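What follows is one structure encoded as structure tokens, with my remarks underneath.
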Amino acid sequence: MPWWGWLVAGIGLLAVEMFGIDAQFYLVFLGVSAILVGVLGLSGLSMPEWGEWLTFAVLSIVTMLASVVACTTSCAGVAAACRTRDRGRSRRGAGS
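Per our numbering, the very first residue in the sequence shown carries number 12; after that it's consecutive.
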């Protein structure tokens, strides 16, 4: 697929996710990955078609896993702060 085809597909996937259907954010990862493959092609990196598809698949998995790790790390910090805050409330309430 030409580089511009990847860009169009990526923008299309992002648009469908944002305005069309609710795919629980998965199409965003596919769209970003397609755009990245398009940018690689635009930058002059020449790959066979199977290489483009393999790169797209790997980037899709990597972006999904990176998002899960970022969310888990972020949520863990928020959960710890909430537990600390709640412990302080229960101690104050117990002595009253």
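Glycine included, C-beta positions come from ideal geometry on N, C-alpha and C.
Keep in mind that this is a model prediction, so the values were computed, not measured.
Between 71, 57, 35, 76, which has its C-alpha nearest residue 14's C-alpha? Taking the sequence shown and counting its residues from 1, the one referred to as residue 14 is at position 3. It is 57.
Own chain residues within Cβ distance below 7 angstroms of residue 71, not counting five before or after: Here residue 71 refers to the residue found at position 60 of the sequence shown. Excluding positions up to five away in sequence, the list reads 40, 41, 44.
Proximity to residue 76 [Cα-Cα], best of 37, 64, 29: By 1-based counting over the sequence shown, the position of residue 76 is 65. It is 37 whose Cα lies nearest to the Cα of residue 76.
In terms of alpha-carbon separation, which member of 63, 48, 28 lies closest to residue 18? Here residue 18 refers to the residue found at position 7 of the sequence shown. For the residues 63, 48, 28, the minimum Cα distance to residue 18 belongs to 48.
Closer than 7 angstroms by C-beta to residue 64: which residues in its own chain qualify, once you throw out the five before and the five after it? Chain order, please. Numbered from 1 along the sequence shown, position 53 holds the residue referred to as residue 64. The answer is none, since no qualifying residue turns up.
Judging by CA-CA distance, which residue of 28, 46, 26 is the nearest neighbour of residue 66? One-based indexing of the sequence shown puts residue 66 at position 55. Residue 46 is the option with its Cα nearest to residue 66.
Run through DSSP, which three-state label would residue 72 get? To locate residue 72, count along the sequence shown from 1; it is residue 61. Reduced to three states, the DSSP call for residue 72 is helix.
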